[in-house]
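Student: Sequence order for the protein chains is X and U. When the letters of the first sequence are read in order and numbered with the numbering used here, they come out as residues 138 to 295. When the letters of the second sequence are read in order and numbered with the numbering used here, they come out as residues 138 to 295. Structure below; questions to follow.
2 protein chains.
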Amino acid sequence: MTETAFQDCYIQSLIHCYGCGKNNPEGHQLKSYWLDNYEGSKTIAQFTPKPYHTAIPGFVYGGLLASLIDCHGTGSAAAIVHYKNDLAIGSDPSVRFVTAALNINYLAPTPINKQLELIGEFRHIKDNKVIVDITVSANNIMCAKGEVIAVKMSATFL
Amino acid sequence: MTETAFQDCYIQSLIHCYGCGKNNPEGHQLKSYWLDNYEGSKTIAQFTPKPYHTAIPGFVYGGLLASLIDCHGTGSAAAIVHYKNDLAIGSDPSVRFVTAALNINYLAPTPINKQLELIGEFRHIKDNKVIVDITVSANNIMCAKGEVIAVKMSATFL
């Protein structure tokens, strides 16, 4: 993995996200990176659920998986657009993405006591819109797959 | 709204969900009901985000909306199948639903300091599969709409 998480390069006003902001102490603080040997094409995030992130005893609740897929998707979108334009993700002016649509298929019950691995791949890359396909696996078993349709954040939020 | 939330009628082993379980003190404890005058056709849940459920300052993060839609969807699915079969939702044997797919469109930034209102309507009702369309509004402005494809929970989990 690359050294610095995409989300840790966001500008100061955008690092409070409950899902992935390093300045949100109550949040998940998800961190996304380029997958080793796949810079510019595949992304990775890992997350270990807390015991209380349960759906039914022993298994992760689907809302957490949705949240992780969402933040890994928008983070990956920001990363690939900067990469494609030969810009560092923390460069100014900042380009950030928000979620227009989130589509998830839950494939298998997700064990709560395992590290989850999210892998992102790009299906559509434009400066204003990126579509990211994301899988979530636990113990090398795919538990969910999702699609994040991310659109460029309005300048009014930056 | 009806007096008792759907989720509060679930059997003891199924009330630990982070999204809607009354026995999960760290969770959202979402509560779903029949909408007044729409018993058997429309459901409602209300939720006020915490200040830390932020995406960017002032707005709710999408993962929370996904979580609420998910739990309101599976709760509504359980409610309608019991209703259709003239059973109380807490009756034995319990019928519960899990999410097979969750599809969400984010329509507008969601203000964090307002009560959110989720309204569910049914598009497909079978004993083994229910599809629920759900809108999320804040201050009477629709911020997101989603579809929950809920399937009957395997008896091995009950």
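By construction, the Cβ of each residue, glycine as well, lies at the ideal position given by its N, Cα and C atoms. Nothing here was measured: the structure is a model prediction, and the numbers come from that model.
So C146 (chain U) contacts chain X; which residues on that side make the cut at Cβ distance below 9 Å?
Tutor: The premise fails here: C146 (chain U) is roughly 16 Å from chain X at the closest Cβ pair, so nothing lies under 9 Å.
Student: Could you please give me the residues that DSSP links to H190 (chain X) through a beta bridge?
Tutor: DSSP lists no partner for H190 (chain X).
Student: Mind listing the chain U neighbours of I181 (chain X)? Cutoff is C-beta to C-beta under 9 Å, in chain order.
Tutor: The premise fails here: I181 (chain X) is roughly 19 Å from chain U at the closest Cβ pair, so nothing lies under 9 Å.
Student: Give a yes or no on whether 8 Å exceeds the smallest Cβ distance from D223 (chain X) to chain U.
Tutor: no
Student: Counting Cβ pairs closer than 8 Å, one from the region 260 to 274 of chain X and one from the region 205 to 212 of chain X, do we hit at least three?
Tutor: yes
Student: With a floor of 4 residues, list each alpha helix (DSSP H) that falls wholly inside the region 185 to 236 of chain U, ordered by position along the chain.
Tutor: As for any alpha helix (DSSP H) of minimum length 4 sitting wholly inside the region 185 to 236 of chain U, the runs are 199 to 221, ordered along the chain.
Student: Within the same chain, show all residues whose beta-carbon is closer than 7 Å to that of M290 (chain X), passing over the 5 residues directly before and after it, in chain order.
Tutor: So the list reads R233, F234 and V235, once near-sequence residues are dropped.
Student: Can you check which of these residues, U:Y198, U:S169 and U:Y170, is closest to L151 (chain X) by C-alpha distance?
Tutor: Considering only alpha carbons, the answer is U:Y198.
Student: Quick one, which residues of the region 201 to 226 of chain X are near chain U if we go by CB-CB under 8 Å, in chain order?
Tutor: L201, A203, S204, L205, D207 and C208
Student: Taking CB distances under 8 Å as the criterion, tell me whether P194 (chain U) reaches chain X.
Tutor: Taking Cβ atoms only, chain X reaches closer than 8 Å to P194 (chain U), which makes this a yes.
Student: If we ignore side chains and look at the alpha-carbon of each, how far apart do G283 (chain U) and R260 (chain U) end up?
Tutor: 12 Å
Student: Would you mind giving the Cβ-Cβ distance between Y189 (chain U) and G227 (chain X), rounded to the nearest angstrom? I have them listed as a contact below 8 Å.
Tutor: Not quite, the Cβ-Cβ distance comes to about 24 Å (not below 8 Å), so this is no contact.
Student: What would DSSP say about D145 (chain X), mapped onto helix, strand or coil?
Tutor: helix
Student: How about Y175 (chain U): is its C-beta nearer than 8 Å to some C-beta of chain X?
Tutor: no
Student: Give the range of the beta strand (DSSP E) segment to which Y170 (chain U) is assigned.
Tutor: S169 to W171
Student: Closer than 7 Å, Cβ to Cβ, to anything on chain U: give me those residues from the region 237 to 267 of chain X, in chain order.
Tutor: A237, A238, L239, N240, I241, N242 and Y243
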